[in-house]
Amino acid sequence: MSGTIDRAELVAEILADRPDDLLVVCGLGSSTYDVAGVEDHPHNFYLWGAMGQALSVGLGIAIAQPEKRVLVVTGDGEMLMGLGSFSTAASVAARNLSVLVLDNGHYSETGGQPTHTSGRTSLAGVAQACGFTNTGEITASPEFASAKENLLNAEGPSLIVAKVAIKKYGAIVEPQTRKGHYIASRFRMATTGEGEAGLG
Numbered sequence: 029m030s031g032t033i034d035r036a037e038l039v040a041e042i043l044a045d046r047p048d049d050l051l052v053v054c055g056l057g058s059s060t061y062d063v064a065g066v067e068d069h070p071h072n073f074y075l076w077g078a079m080g081q082a083l084s085v086g087l088g089i090a091i092a093q094p095e096k097r098v099l100v101v102t103g104d105g106e107m108l109m110g111l112g113s114f115s116t117a118a119s120v121a122a123r124n125l126s127v128l129v130l131d132n133g134h135y136s137e138t139g140g141q142p143t144h145t146s147g148r149t150s151l152a153g154v155a156q157a158c159g160f161t162n163t164g165e166i167t168a169s170p171e172f173a174s175a176k177e178n179l180l181n182a183e184g185p186s187l188i189v190a191k192v193a194i195k196k197y198g199a200i201v202e203p204q205t206r207k208g209h210y211i212a213s214r215f216r217m218a219t220t221g222e223g224e225a226g227l228g
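Following the working numbering from start to finish, the sequence shown increments by one per residue and tops out at 228.
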């Protein structure tokens with residue numbers, strides 16, 4: 029079942045007054061556009077087509093950068109393909125890791141087919157059963173503030189599922205490039221001071 033939350037408004041609220049050391053990993057499609065629409069920040073890591081891998085990548089970064097908060101922003105379809113990463117994140121007790129799932133109950137990138145979250149599957153319930161420290165589900169804008177606090181400040185691993193509306197949004201804001209080597213190099217430089225970014 030889809031919800032009523034405006035996806036772009038929620039992401040903008042979560043990333044407003046963004047902490048300097050917040051690292052954001054985006055799943056494919058809508059979550060990348062929403063995060064880039066707030067700011068194409070060098071601490072954003074866009075996965076584009078790596079469906080099912082957002083949490084795994086975020087977990088790896090959280091382990092490598094234990095002093096920084098890592099926020100994974102992804103959709104329900106992408107998260108359903110990577111359910112095993114819930115168990116791994118909980119097992120290694122990734123205290124600096126948070127996940128925001130933008131859940132509209134559909135595969136938006138492939139034609140709008142319903143996902144299992146439109147039925148009986150609860151991603152928050154799965155994460156809790158796997159051992160996530162904090163889990164929750166929000167359905168309306170008055171809950172944005174508590175969701176932000178949970179995602180950015182609570183000891184993790186944390187997960188918030190936001191029941192977002194199915195709707196067409198305005199013009200898509202894409203990051204500077206889709207080139208993986210540039211995105212990876214820029215992120216590495218911004219987080220560790222290593223590497224060299226280049227669009228060529």
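A virtual CB, placed ideally from N, CA and C, is assigned to each residue, including glycine.
In its chain, beyond the 5 residues on either side, Cys54, Tyr74 have a beta carbon closer than 6 angstroms to the beta carbon of Thr60. Straight across, the Cα-Cα distance linking Ile33 with Val154 is about 22 angstroms. One Cα belongs to Leu87, the other to Gly103, and the distance between them is close to 17 angstroms.
Straight through space, the alpha carbons of Gln93 and Ala44 are spaced by roughly 22 angstroms.
Membership of Leu125 in any alpha helix (DSSP H) is not indicated; the residue belongs instead to the beta strand (DSSP E) covering 125-131. Taking every protein chain shown into account, the CB of Lys191 has 16 or more other CB atoms within 10 angstroms, so this residue is buried. Secondary structure note for Ala157: it is in no beta strand (DSSP E), and the uninterrupted alpha helix (DSSP H) holding it is 151-158.
According to the DSSP assignment, Thr116 belongs to the alpha helix (DSSP H) that extends over 112-119.
No residue range can be given for Gly31, since it is assigned to no beta strand (DSSP E) and is classified by DSSP as neither H nor E.
Taking C-beta separations shorter than 7 angstroms and ignoring five residues to either side along the sequence, the partners of Lys96 in its chain run Asp49, Leu51, Asn124, following chain order. Nearest C-alpha to Pro142 among Gly105, Gly164, Gly80, Leu130: Gly105. A direct Cα-Cα distance of roughly 6 angstroms separates His71 from Ala218.
Fully contained in the region 57-115 are the following beta strand (DSSP E) runs of length 3 or more, in chain order: 72-74, 98-103. Counting along the chain, Ser186 sits inside the beta strand (DSSP E) bounded by residues 186-191. With a threshold of 16 other beta carbon atoms within 10 Å, Gly147 falls short and is exposed.
When C-alpha distances from Gln156 are compared across Leu130, Met107, Ser169, Ser186, the shortest belongs to Ser186.
Beyond the five residues adjoining it in sequence on each side, Asn162 comes within less than 6 angstroms, by CB distance, of Asn178, Ala182, Ser186 in the same chain, given in chain order.
Secondary structure of Ile166 (DSSP, three-state): strand.
Straight-line spacing of the CA atoms in Ala118 and Leu83 works out to 12 angstroms.
Within the DSSP secondary-structure output, His134 pairs in a beta bridge with Pro142. Between Met107 and Leu56, the gap from beta carbon to beta carbon reaches 8 angstroms or more.
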